[in-house]
Amino acid sequence: MASEERAQPTISDPNEQAIRQLLDKEFSTTFSQMEITRLRSEQIEFIAKSIGLLTKRETDQEIYQSYLLLLSKLGSSTQIKFGEKIIESLPDSGFVVATNHLAMPKATRFSRHDLGEVIGDHQLLLQLPEEIEPFPVRHAAIAKTLGHQFNPHEVAIELPHPYKGVQSASGVIVLPSALGGRFEIMTDCVKDLFVNEKNQYVVTYPESGTTGKRGGGGLYGVKQEDFHTGFIRLAKTLQQQLGRQIPIVIIGQVFHPEKGFLTGIMDPITVNVLAEETEVKQTAANIQIRLSEIVNQLRFDQ
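First residue of the sequence shown: 0, per numbering that gives the first Met the number 0; consecutive thereafter.
Here it is, written out as structure tokens:
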């Protein structure tokens, strides 16, 4: 079977039009509009600067440190509503985070013209996609929640050139846009990360797409989405290969229109290395229900 490409969102897609309308309605408050403007501006500055550094062949480490600083700025409003004590028990040998696919990249999307003055390179500007959904904001609240003692590495599909280079330099576990072989690539990359570095974690999105775009449940309709098992199989495979437990930490996140990012943390789970596929699917279904409850609890700040 020929490999397929995952296309970038386009405004001609009815699902894309619908979720943008949901975002406009959800984030119509003065506070949310000001915050979204700030979040967009911070990301434009970082991405433009990083593209410039890549063309000058600067080290990825410089970009990664700037990325960590950016995540801290983006998530500065984050409030942890419950589960904060759980962070103290997380291992320095690596763990997996599963969170809902919050639509903030769509809310803070920008065009290539927004980068123009910062980049100052007309020819490079012409190579960029017309519009991009910036990736850092997708897990900024997660990074802020877990704190500076741990280093985040998002698992994400590659963006078009040159954004892919910025992703890689930012420590993202970049998966190919073409279908096929992604799980093996992800497992190998995360294994190398956990073996060679301390205090690392990877962020995964079991919905494999923005919450509310296809499921019909709205921006926080986690329960209605197609929930995948890759994050569970990742932890299980790593446990088999590394001979140690790899906890899965479930973190719900919302962007409250009057308060900013709110998060809540579930007790970590450990997957049975002998679990059959039926058990893996049931575990994912249970997590989906619980994550949906957490997200709705956060949304209404209960």
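Glycine is no exception: its CB is placed at the ideal position from the N, C-alpha and C atoms.
Please read all numbers here as calculations on a predicted model, not as lab measurements.
The beta carbons of Ala140 and Ile249 sit no closer together than 7 Å. Per DSSP, reduced to three states, the secondary structure at Thr277 is helical. By the CB criterion at 7 Å, Thr186 and Thr236 fall inside the cutoff. Residue environment: Met33 is assigned as exposed (fewer than 16 neighbouring CB atoms within 10 Å of its CB, all protein chains considered). Contact between the segment 119-132 and the segment 151-161 is established, with three or more Cβ pairs separated by less than 8 Å. Per the C-alpha coordinates, the member of Gly164, His138, Val171, Lys163 positioned closest to Val154 is Val171. In this model, Ser31 and Pro256 are separated by some 5 Å (Cα to Cα). Of the other Cβ atoms in all chains shown, 16 or more fall within 10 Å of the Cβ of Leu290; this residue is therefore buried.
Cβ neighbours of Ser167 within its own chain (closer than 6 Å, five residues either side excluded): Val173.
The beta-carbon distance between Gly259 and Ser76, rounded to whole angstroms, is 3 Å. This is short enough to meet the 8 Å contact definition. In this chain, the alpha helix (DSSP H) harbouring Tyr162 covers 162-168. By the Cβ test, the segment 268-282 is in contact with the segment 232-247, since at least three Cβ pairs between them sit closer than 8 Å. The alpha-carbon separation between Ser71 and Glu61 amounts to approximately 16 Å. In terms of Cβ geometry, Val136 and Leu73 form a close pair [threshold 7 Å]. Under the criterion of beta carbons closer than 8 Å, Lys197 and Asp91 qualify as touching, at roughly 5 Å.
In the three-state scheme derived from DSSP, where H, G and I count as helix and E and B as strand, Thr203 is classed as strand. If you keep only unbroken alpha helix (DSSP H) runs of at least 4 residues inside the segment 213-245, you get 229-241. Short of 8 Å from the beta carbon of Leu53, and not among the five residues preceding or following it, lie these beta carbons of its own chain, in chain order: Ile62, Pro161, Gly164, Val165, Ala168. The beta carbon of His227 lies closer than 8 Å to those of Pro205, Glu206, Ser207, Ala283 in the same chain, with the five residues before and after it left out. Per DSSP, Ile86 lies in no beta strand (DSSP E) segment and is marked neither H nor E. Assigned with DSSP and collapsed to three states, Leu70 falls in helix. Within the same chain, Thr144, Leu145, Gly146, Ile264 come within 8 Å of Ile86 by CB-CB distance, once the 5 residues on both sides are set aside.
Per DSSP, the continuous alpha helix (DSSP H) segment holding Gln20 begins and ends at 13-25.
The beta carbon of Gln223 sits closer than 6 Å to the beta carbons of Gly214, Gly215, Gly216 from its chain, once the five residues preceding and following it are set aside; these are given in chain order. Each of Gly82, Lys84, Leu69, Ala177 was checked against the Cα of Ala142, and the nearest Cα belongs to Leu69.
Taking 7 Å as the cut-off, the beta carbon of Val279 is found closer than this to the beta carbon of Ile231.
Across the set Ala106, Leu273, Ile288, Ile79, the C-alpha of Ala106 shows the shortest separation from the C-alpha of Leu21.
In the structure shown, Pro104 falls within a helical segment according to DSSP collapsed to helix, strand and coil.
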